[in-house]
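Trainee: First residue of the sequence shown: 33, per our numbering; consecutive thereafter. My questions will all concern the structure given below.
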Amino acid sequence: MYQLMFTTQGDWAEQQVPADDTFRGFAEQLELDLAKWDVDYKSTETLERIRVDQADGRALGVTSTPSFFLNGERLEPESFEALTGAIDAALRE
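This is the structure we're talking about:
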């Protein structure tokens, strides 16, 4: 599910309306247990886990998806080559 959400992020992330139907459609497409999905999607436990994850991300300096960190430093690569170059350089250290 997370892979489908990530790869389709451009379709739903900037909308000003909830994407509940979109996400449920993903669950259906992936043949998940929809009864369990509905319960989990609306649960206070799930909402609390999301809030904790958001707070953790903010504390670490995550401001967007994806965010990259290497050896504790935030990277802002402008290309795939810049990202792999930084990783290669860190591996040589």
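Built from N, CA and C at the ideal position, the CB exists for glycine as well.
1. Which residue comes first and which comes last in the beta strand (DSSP E) that contains Ala102?
2. For my contact list, Thr54 and Trp44 are in at a C-beta cut-off of 8 Å; report their separation, rounded to the angstrom.
3. Less than 7 Å between the beta carbons of Asn103 and Ala121, yes or no?
4. Whole angstroms are fine: how far does the CA of Pro98 sit from the CA of Leu107?
5. Where does Leu36 sit, in a helix, a strand or coil, going by DSSP?
6. Closer than 8 Å by C-beta to Val49: which residues in its own chain qualify, once you throw out the five before and the five after it? Chain order, please.
7. Excluding the 5 residues preceding and the 5 following Ile119 in the sequence, name in chain order all residues of the same chain whose CB lies nearer than 7 Å to its CB.
8. Thinking just about the alpha-carbon of each residue, which of Gln86, Phe58 and Ser111 is nearest to the one in Tyr193?
Mentor: Judging by the given coordinates:
1. Residue numbering aside, residue 102 sits at position 70 when the sequence shown is read from its first letter. Note that residue 102 is Leu in the sequence shown, not Ala. Its beta strand (DSSP E) spans residues Phe100 to Leu102.
2. For the purposes of this step, residue 54 is identified with residue 22 of the sequence shown, where counting begins at 1. For the purposes of this step, residue 44 is identified with residue 12 of the sequence shown, where counting begins at 1. Contact holds; Cβ gap of about 5 Å.
3. Taking the first residue of the sequence shown as position 1, residue 103 is located at position 71. Taking the first residue of the sequence shown as position 1, residue 121 is located at position 89. The answer is no: Cβ separation not under 7 Å.
4. Taking the sequence shown and counting its residues from 1, one reaches residue 107 at position 75. Taking the sequence shown and counting its residues from 1, one reaches residue 98 at position 66. Answer to the nearest angstrom: the Cα atoms are 11 Å apart.
5. In the sequence shown, counting from the first residue as 1, residue 36 sits at position 4. Of the three classes helix, strand and coil, the one that applies to Leu36 here is helix, per DSSP.
6. The residue given as residue 49 occupies position 17 in the sequence shown. Nothing meets the Cβ criterion.
7. Stepping through the sequence shown from its first residue, residue 119 is reached at position 87. Excluding sequence neighbours, Ile119 sits near Leu102.
8. Here the chain has residues from 33 to 125 only, and residue 193 is not among them.
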